[in-house]
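Residue numbers (the numbering used here): 72 to 505.
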């Protein structure tokens with residue numbers, strides 16, 4: 072059958088997979104055979120669909136990796152080589168760019184299809200929602216919950232690419248001494264792979280995962296290696312060039328998708344900056360701030376704001392050197408009537424980002440009374456020399472600051488002051504989330 076539906080391919084391959092398992096065949100061999108079967112069944116499919124079809128394979132591979140980890144055994148070279156082959160296969164699938172106007176296919180009965188692969192877990196997953204959490208083991212809970220409302224092949228391919236990328240990177244730590252040379256090689260691999268995986272759905276999924284700070288895949292690593300993995304991921308995502316997100320696509324439907332992508336990237340950049348502060352890595356902190364200020368993504372967002380505001384004024388005049396500065400500026404514009412944040416969850420995360428480590432969410436120049444500079448720096452998780460960074464962050468906002476009410480510990484007490492936004496000497500009421 073030319074270009075068979077994903078549902079048929081998955082069901083057929085699931086039956087073959089369970090037959091091999093019941094025959095007592097090695098799990099590693101079963102995984103390799105499954106990879107070849109999925110490739111052979113997708114020869115006439117487009118690249119995105121070929122990638123999406125690999126989702127069950129990643130579920131099987133992660134189960135094998137976790138089993139080795141539980142019993143304290145080192146992974147065989149066969150597993151690592153298989154994961155590397157999957158990465159190479161995905162890169163080949165992405166070589167031929169697809170027409171962006173092609174209609175995305177919906178997946179019918181997605182949760183039920185995922186359940187077919189997990190019949191041996193009957194009784195452990197009481198709800199269909201839990202099936203998704205098991206079927207997508209490497210992504211965060213929020214990401215696979217988001218898949219419930221997005222059943223497209225492209226979104227599924229983005230999840231698969233994220234899982235393969237994170238699994239391949241984490242497996243590089245297996246049986247390797249994590250020295251500077253290893254970190255350099257792993258960082259270069261991550262950056263080069265990101266450049267090859269220049270896919271919007273993949274980047275969207277990866278940013279959503281990194282916006283949660285804690286990665287599921289770090290459960291396979293020691294605490295020290297988990298910190299190094301976080302460094303490598305932030306380096307790759309923040310320092311890599313995302314020029315494929317050209318501004319020409321921003322005004323093609325849906326324009327909000329690209330805008331939200333840049334907002335997500337800004338939130339991840341803020342997480343990276345906070346992470347560098349927490350581990351007192353001043354060089355990395357400076358590199359992240361410089362990468363953000365020099366990136367074209369904030370400029371593209373400013374262009375969008377300029378067009379939507381209907382003004383000839385150059386809105387890029389403010390030097391938005393950090394993610395917090397950009398987000399604060401966007402909140403001021405939104406309070407004046409420009410709709411920037413489409414989703415309440417994204418808006419909530421953005422608000423949390425500008426409030427983190429700031430008592431009562433004031434800007435740094437409004438320092439809490441009674442604290443010494445040393446106490447304030449310790450509370451805010453700063454390293455030596457961060458004062459200059461904060462000065463450059465907030466000079467733009469000498470006339471605008473955000474005030475958020477203190478939430479009462481007693482939930483029965485009502486909030487009396489919902490806060491406001493001060494801009495150019497005027498107080499604008501804060502719009503709380505619906």
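Ideal placement from N, C-alpha and C gives every residue a C-beta, glycine not left out. This structure is a prediction, so every number in the text was calculated from the model and none was measured.
Using a 10 angstroms sphere on the CB of residue 409, the tally of other CB atoms stays under 16, which defines it as exposed.
For residue 143, there is no enclosing alpha helix (DSSP H), as DSSP marks it with neither H nor E.
Distance check between residue 361 and each of 249, 306, 282 places 306 closest, using alpha-carbon atoms only. Assigned with DSSP and collapsed to three states, residue 306 falls in helix. The three-state secondary structure of residue 177, taken from DSSP, is strand. Just so you know, the alpha carbons of residue 285 and residue 81 end up roughly 31 Å apart. Among the bridge pairs identified by DSSP, residue 223 is matched with 177. Each residue's CA atom was taken as its position, placing residue 78 and residue 183 some 10 Å apart. Only residues of its own chain outside the window of five on either side were considered, and among them 297, 300 have a CB closer than 7 Å to the CB of residue 289, listed in chain order. At a Cβ-Cβ threshold of 7 Å, residue 411 and residue 401 count as neighbours.
265 is the residue among 294, 225, 265 whose C-alpha sits nearest the C-alpha of residue 237. One thing to note: residue 272 has its Cβ within 7 Å of the Cβ of residue 229. Put simply, the backbone Cα of residue 165 is about 8 Å away from that of residue 269. Of 295, 242, 308, 365, the smallest CA-CA separation from residue 338 is found for 308. Remark: C-beta atoms of residue 120 and residue 224 approach each other more closely than 7 Å.
If you draw a straight line from the Cα of residue 426 to the Cα of residue 129, it comes to about 37 Å. Residue 242 and residue 424 have their alpha carbons spaced roughly 31 Å apart. Secondary structure at residue 275: helix, using DSSP grouped into helix, strand and coil. Secondary structure of residue 269 (DSSP, three-state): coil.
A Cβ-Cβ distance of about 6 Å is found for the pair residue 332 and residue 275, placing them in contact under the 8 Å criterion. A distance below 7 Å separates the beta carbons of residue 188 and residue 85. In the three-state reduction of the DSSP assignment, residue 260 falls in the helix class. Annotation: residue 92 to residue 206 spans about 18 Å, alpha carbon to alpha carbon. In the assembly as shown, residue 115 is an exposed residue. Its beta-carbon has fewer than 16 other beta-carbons within 10 Å. In the DSSP assignment, residue 208 falls outside any alpha helix (DSSP H), carrying neither H nor E.
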